[in-house]
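Asker: One structure coming up, written as structure tokens, with questions to follow.
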Amino acid sequence: MTHSLFKIALFATLGLGTALSAQDYQLTIGDRLSLDYNFVDRPKEMVVDLDGNIRLPELGSLRANGQSLDQVEELIESRMLQNGFSGIPTVSLEIQEYAPVVVTGLAEKGGQFQFFPGMTVGVALAMAGGSNGLQTTTGPQAEIASMAAQRRSVDFASQIAATAVQITRLEADRDNTALPLVMSDALRQSIPGADDAVIANHLRGESEILENDRATAEELLANWDKALSDSANQIALLDDRIDLKQELIAQLEVELDKANALKQQGLSTNTRTINAVQRLADEREDFLALQTTKLTIARAVSQTQITRTNFISNRKRDVLEALQAARIRMDFLQQSYRLTLSEIAILYGGIENLSAVTGGPGLSFALSGPRADRIAEGEITEATPLFPGDILVVKTDIGS
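With mature numbering (1 follows the signal peptide of the UniProt record, and there is no 0) as the guide, the letters of the sequence shown map in order to residues -22 to -1, 1 to 378.
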């Protein structure tokens, strides 16, 4: 097992301290990894998928979420030995990029931000442009602010609907569900002011996308299956020809032995012996050519099988990654929509001089994500360390 010193040096250089270390860090959904092991010529990149797994064509699916790098390396080595690998497994796993941190709520520019060791709530909020300054007064200024907030709420609602339809398609693709697409009740209920006609229209469009994707995949798989079937038939024919050649070579060897015996007795000429030797040599050459052709076809079959397997694995990985991204986006949009409604309520309520500044009075923070339970909501401050995959919600202490 090998480790790059870069992993340890990175954490030490950035002063992450005891919050997270190269040895203790547990992988999470969205972490991008680099793997170098015996089955590949160069390191390959992969992402811990929505199920918390990494997928390797040669080894299948392996659990990564909640595991350290050392534990995943040991799991890969163990799987290699289980699958019949006869050498000494050499595995090196590194983190190329951590799962992003999502900032949402009362942030000027919410969204996904690349995680780096040492990142805190205050740093993430600063990267998101600070918090929205909500100056609520009566009169034209309040009316303009209210109209802007209402426009944002409509935009967020529209994006939530589009994302819900996309999630429906991706889940159907993942589960190989029959068309037409049917949105789950939970997703439908998550859409503010859901319009059945609009949703039905969006679902038809996503159904066409999925139908086209499936048709393309089926055509590729059918072509590979035909190539494999044709190759199997060719190999079977070659085996028959090879068997016949072996029988013919055996007969020619007997004839050559007879010719040599007759020649020693003076009952045969050199010409007969030479002809027997030449014919035997020709047949042996043909036999080797048939064996070479069979080996070439067998190698092509192996490559086709690998390509086919990789296509299926990569397509599943792409769907899972897209589904993960869509769900993260849905969470961000829903949080933003709710906070926009809160802003509208505040504006209509005429609350005077509500000013939210980074870390200042009037703001509070909440965390969601795979490690959110590590700290109580009321204990989160600017100095609270963030972890990969965290969703930071910036909100006002004043309720809606």
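Every residue gets a Cβ at the ideal spot worked out from N, C-alpha and C, and that includes glycine.
Glu299: which of Leu226, Asp2, Arg10, Asp19 sits nearest, CA to CA?
Answerer: Arg10
Asker: Taking the alpha-carbon positions, what's the Ile353 to Asn43 distance?
Answerer: 20 Å
Asker: Measuring CA to CA, which of Gln242, Leu230, Gly244 is closest to Asn253?
Answerer: Leu230
Asker: Measure the C-alpha to C-alpha separation of Trp202 and Gln283 and round it to an integer number of angstroms.
Answerer: So the alpha carbons of these two residues sit roughly 8 Å apart.
Asker: Give me, in chain order, the residues of the same chain whose beta-carbon lies closer than 6 Å to that of Gln212; leave out the 5 immediate sequence neighbours on both sides.
Answerer: Answer for Gln212: Ile275, listed in chain order.
Asker: How long is the line joining the alpha carbons of Gly367 and Val25, rounded to whole angstroms?
Answerer: 13 Å
Asker: First and last residue of the alpha helix (DSSP H) that includes Ile220?
Answerer: 174 to 242
Asker: By how many angstroms is the C-alpha of Asn238 removed from the C-alpha of Asn248?
Answerer: 9 Å
Asker: Just to confirm the assignment, what range does the alpha helix (DSSP H) spanning Ser56 have?
Answerer: Per DSSP, the continuous alpha helix (DSSP H) segment holding Ser56 begins and ends at 47 to 60.
Asker: Within its chain, find whatever has a CB closer than 6 Å to the CB of Thr115; leave out the 5 residues flanking it on each side and keep chain order.
Answerer: With a pLDDT of 43 at Thr115, under the threshold of 50, the predicted position of this residue should be treated as unreliable, though the coordinate-derived value follows. Here the set comprises nothing.
Asker: Which whole-angstrom value describes the C-beta separation of Ala172 and Ala139, a residue pair presumed to lie in contact below a C-beta threshold of 8 Å?
Answerer: 7 Å
Asker: Just the Cα atoms here: how many angstroms apart are Arg316 and Gly8?
Answerer: If I take the Cα positions, the gap works out to 25 Å.
Asker: Give me, in chain order, the residues of the same chain whose beta-carbon lies closer than 8 Å to that of Ile145; leave out the 5 immediate sequence neighbours on both sides.
Answerer: So the qualifying residues of the chain are Leu165, Leu301, Ala304, Arg305, Met308.
Asker: Give a yes or no on whether the C-beta atoms belonging to Leu268 and Lys223 are separated by under 8 Å.
Answerer: yes
Asker: Going by DSSP, what residue range makes up the alpha helix (DSSP H) through Leu165?
Answerer: 163 to 167
Asker: In terms of residue numbering, what span does the beta strand (DSSP E) encompassing Val160 cover?
Answerer: Where Val160 is concerned, there is no enclosing beta strand (DSSP E), given that its DSSP letter is neither H nor E.
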